[in-house]
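*Asks:* Numbering (the working numbering), first residue to last: 764 to 1042.
Note that the Cβ used here is the ideal one computed from N, Cα and C, for glycine as well.
Just so we're clear, the structure is a prediction, and the values are computed from it rather than from any experiment.
Just dropping this structure here.
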């Protein structure tokens, strides 16, 4: 092969490479164009869909606006009708007001005349009331004095009757008490404070405080016990000692053990009495 043939072969090869590059470039451009076309087609479909939606909204809004306009026109007609009716009522009310004003003038004149008559009657009534109050005051004063005297007399009578009845009851009570005291070998002339009642109870609690044995017993002022009196302590037939009462309440009393008479330990449950009844 000569040099010219080699040049043709090289030229063909170069041209083949050029055509192949052009073909590849054309294929790439075609593919890019296809992708762009697809994208634009999708965009077009989306815009058409949006346009359809917006058209539907526009039609709906236009229908609503038309309905609202019709309603507004109907309301305007109703308001116009109401305006006419209110104007008629206002005219009628004005006529009625004029009539009432006229009647008010007549009533005011009648009221003035009535007021003058009332003033005259009130003045006369005041005079009569003053006279009545004076008469009633005199009557009440005289009646009160009579009633007070009657009540005082009745009160004196009641006091006399009550005193007499009370005196009879006291005499009867004194007679019974004298008989009762004598039947119990007591002198009726002995002061009550010196009489120790006959009671019977038990020791409910003991406590030693500052070297002194304190005892709480189950009998108190309701049973006749008073501070300063003494009670005897025993269990069964055994004598244990004496308690001097220091303080009393209704059903309780507190005392201290008199060590001079103590003959055994004093405990809860021991019996106490103002008179020994040992058996």
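Below 8 angstroms, how does it come out for the stretch 1007-1022 and the stretch 922-935: are there three or more Cβ pairs, yes or no?
*Replies:* Flag = no, the stretch 1007-1022 and the stretch 922-935 do not touch.
*Asks:* Quick one: grab the DSSP three-state call for residue 961.
*Replies:* Numbered from its first residue, the chain shown carries residue 961 at position 198. If DSSP states are grouped into helix, strand and coil, residue 961 belongs with coil.
*Asks:* Return helix, strand or coil for residue 836, following the three-state DSSP convention.
*Replies:* Numbered from 1 along the chain shown, position 73 holds the residue referred to as residue 836. Helix at residue 836.
*Asks:* Please say whether residue 998 and residue 1033 have beta carbons closer to each other than 8 angstroms?
*Replies:* In the chain shown, counting from the first residue as 1, residue 1033 sits at position 270. In the chain shown, counting from the first residue as 1, residue 998 sits at position 235. Against a cut-off of 8 angstroms, the Cβ pair of residue 998 and residue 1033 comes out as a contact.
*Asks:* If you reduce the DSSP assignment to three classes, tell me which class residue 780 lands in.
*Replies:* Locating residue 780 in the chain shown gives position 17, where the first residue counts as 1. Residue 780 falls in the helix class under three-state DSSP.
*Asks:* Just to check my reading of the structure: residue 1014 and residue 985 have Cβ atoms closer than 8 angstroms, yes? What is that Cβ distance to the nearest angstrom?
*Replies:* Counting from 1 along the chain shown, the entry for residue 1014 is found at position 251. Counting from 1 along the chain shown, the entry for residue 985 is found at position 222. Going by Cβ atoms, the distance from residue 1014 to residue 985 rounds to 6 angstroms, so yes, they are a contact pair.
*Asks:* Residue 782 to residue 809, Cα distance in whole Å?
*Replies:* The count along the chain shown starts at 1 and reaches residue 782 at position 19. The count along the chain shown starts at 1 and reaches residue 809 at position 46. Looking at the two C-alpha atoms, the distance is approximately 40 angstroms.
*Asks:* Which whole-angstrom value describes the C-beta separation of residue 980 and residue 1027, a residue pair presumed to lie in contact below a C-beta threshold of 8 angstroms?
*Replies:* Here the question's residue 980 lines up with position 217 in the chain shown. Here the question's residue 1027 lines up with position 264 in the chain shown. That belief does not hold up - the Cβ atoms of residue 980 and residue 1027 are roughly 17 angstroms apart, past 8 angstroms.
*Asks:* Classify residue 895: buried if its beta carbon has 16 or more other beta carbons within 10 angstroms, exposed otherwise.
*Replies:* On the chain shown, position 132 is the one that residue 895 refers to. When all chains shown are included, residue 895 counts as exposed.
*Asks:* State the DSSP-derived secondary structure class of residue 773, mapped to helix, strand or coil.
*Replies:* As a first step, residue 773 is located in the chain shown; it is residue number 10 there, counting from the start. Residue 773: helix per DSSP, three-state reduction.
*Asks:* Exposed or buried, what is residue 966 when buried is set at 16 or more other beta-carbons lying within 10 Å of its beta-carbon?
*Replies:* For the purposes of this step, residue 966 is identified with residue 203 of the chain shown, where counting begins at 1. It is buried - the Cβ of residue 966 has at least 16 other Cβ atoms within 10 Å.
*Asks:* Is it right to say residue 1011 is buried, meaning 16 or more other beta carbons lie within 10 angstroms of its own, or is it exposed?
*Replies:* As a working note, residue 1011 is residue 248 in the chain shown. Per the 10 Å Cβ criterion, buried.
*Asks:* With a 10 Å radius around its C-beta and 16 neighbouring C-beta atoms as the bar for buried, classify residue 962 as buried or exposed.
*Replies:* Position 199 of the chain shown, counted from the start, is the residue given in the question as residue 962. Burial call: buried.
*Asks:* Take the Cβ of residue 982 as the centre, count every other Cβ of all protein chains shown within 10 Å, and call the residue buried at 16 or more, exposed below.
*Replies:* Numbered from 1 along the chain shown, position 219 holds the residue referred to as residue 982. Buried: at least 16 other Cβ atoms inside 10 Å.
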